[in-house]
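Residue numbers (this note's numbering): 7 to 263.
Virtual Cβ for every residue (Gly too), placed ideally from N, Cα, C.
All remarks here apply to the structure that follows.
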Ligand SMILES: N[C@@H](CCC(=O)N[C@@H](CS)C(=O)NCC(=O)O)C(=O)O
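So, in structure tokens, the structure goes:
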């Protein structure tokens, strides 16, 4: 389904740009969705967080915070998903569809991104990290409560609206979809209590970039959460490009692009 429609669009190849990422991470998936939404293709490098590769010397130079994603465009290095997606939209997507050019429209997207950065993502982290790294088996009641509060916030934000940031999905929707779809694994969204929010997430899940860039990593996150705090011995680092990920083509079979 995704492959045939992506052949019909013009993709901008930006091989000089690199994204270091791991698919299970919501901020990395936000950047990957933004890339696919804007039909931008950059070099992508998978980093194995379970092996601590994001804390190795190569990446620590780029990001002293030792987090992913990390993005590089020539001399420019960015290490926050919100800054990365805004930069990509401003620098490489002239249409303004995903990040409006007018001050008011832009401020609405910024507001959603600040909500993600300041409220939603920290709640995800507080709930998931004890399970991923500390032998905890469940989301703690306090965290469930705070995540439910966020669901209530978002339910209110969707009153009278189809999308969070405008008349169509924007970077605000994409960013929140990455975090929210992951929270939904930890604390399932109750359709009866949050009907607008669950419908919005369903609509987002039908967007082609959600299918190409969010679905697989979400599955990996679910499996990783099920396994809990154990180290992963499987592979490591695989450079590839956004266009290959979109097409689902294994690295070896596609030497071009
Ligand atoms: N505000 C940052 C958050 C980045 C972040 O915390 N990423 C997590 C992965 S989801 C990470 O790299 N954690 C480091 C670790 O677990 O050691 C963004 O939006 O990019």
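- The closest heavy atom of ligand 1 lies 7 Å or more from the beta carbon of residue 179.
- The Cβ-Cβ distance between residue 61 and residue 227 does not fall below 8 Å.
- Within the stretch 36–66, the runs of beta strand (DSSP E) at least 3 residues long that lie entirely inside it are, in chain order, 46–52.
- Secondary structure at residue 84: strand, using DSSP grouped into helix, strand and coil.
- Relative to ligand 1, even the nearest heavy atom lies 7 Å or more away from the CB of residue 149.
- By the CB criterion at 8 Å, residue 160 and residue 183 fall outside the cutoff.
- Here DSSP, grouped into helix, strand and coil, assigns residue 23 to strand.
- For residue 124, the number of other beta carbons within 10 angstroms of its own is below 16, and it is reported as exposed.
- 8 Å or more divides the Cβ of residue 120 from the Cβ of residue 181.
- Contact check for residue 224 and residue 91: beta-carbon distance about 18 Å, past the 8 Å limit, so the pair fails to qualify.
- In this structure, the alpha-carbon of residue 58 lies about 29 Å from that of residue 152.
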